[in-house]
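In the numbering used here, the protein residues as written are 158 to 271.
The beta-carbon is built from N, C-alpha and C at its ideal position, and this holds for glycine as well.
All figures in this text were calculated on a predicted structure; none of them were measured in a lab.
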Amino acid sequence: MHELALCRAVVATVDRHAAGRPVVRVRLRVGRLRQVVPEALDLAWHASTTGTALAGAALEVETVPAEVRCADCAACTVLEWPVPVCGACGSHGVEVVAGEELLVTSIDVREGAA
C-alpha cells in the first residue's frame, strides 16, 4: 500500500509549512497514473495524521485524468486505458502531459493557535 508512504510524505511537508499551527484542511492534486486507491488513501491519511498537528484535518483530493499528446497527429487525449496510446489515431508515439501529479495545492490552518 504505497498510499501510506505518500501520506507520510504529505504530512511531513504540510507539518513543516504549518509551523506548529493546527491544520484544518489539506487539498491534494493526484494524477490517475499514480494509481492511488481513494479508500486506501483515506485510511492512510488518518493513520499518518494521528498525533500530529494534522490530526482531524480534512483531506480533499482532486483527481487529474491521464492525458497524452500524440507525436504523430498532435492530438491531446485522455487515456481511458493504462496503455499509452493516442485516443485520436491509435499511435503509441505519445507523451504523457497530465496524470502523474502529486501536489499539495493548499493548506488551511487555524490562525492564532501557534
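- Item | Simplified DSSP assignment, three categories, for R182 | Here residue 182 is taken as the residue at index 25 of the sequence shown, counted from 1. R182 falls in the strand class under three-state DSSP.
- Could you tell me how far apart the beta carbons of V221 and V187 are, in whole angstroms, since I believe they sit closer than 8 Å? One-based indexing of the sequence shown puts residue 221 at position 64. One-based indexing of the sequence shown puts residue 187 at position 30. Correct: roughly 7 Å between the Cβ atoms.
- Count the C-beta pairs between the stretch 222 to 235 and the stretch 169 to 182 that are closer than 8 Å, then say yes if the count reaches three, no if not. no
- Query: Thinking C-alpha only, which one of S205, L198, A232 is nearest E219?
  - Reply: Position 62 of the sequence shown holds residue 219. When each option's Cα is compared against that of E219, the closest is L198.
- Message: If you follow the alpha helix (DSSP H) that L161 is in, where does it begin and where does it stop?
- Response: Taking the first residue of the sequence shown as position 1, residue 161 is located at position 4. First-last of the alpha helix (DSSP H) with L161: 159 to 175.
- Message: At the level of alpha carbons, what is the spacing between L163 and C233?
- Response: Position 6 of the sequence shown, counting from 1, holds the residue named residue 163. Position 76 of the sequence shown, counting from 1, holds the residue named residue 233. Taken atom to atom, the span from the alpha-carbon of L163 to that of C233 is near 28 Å.
- Going by C-alpha distance, which of A214, A176, V168, H159 is nearest Q192? For this step, residue 192 is matched to residue 35 along the sequence shown. It is H159 whose Cα lies nearest to the Cα of Q192.
- Through-space distance from L236 to G177, alpha-carbon basis: The residue you call residue 177 lines up with position 20 of the sequence shown. The residue you call residue 236 lines up with position 79 of the sequence shown. Answer to the nearest angstrom: the Cα atoms are 41 Å apart.
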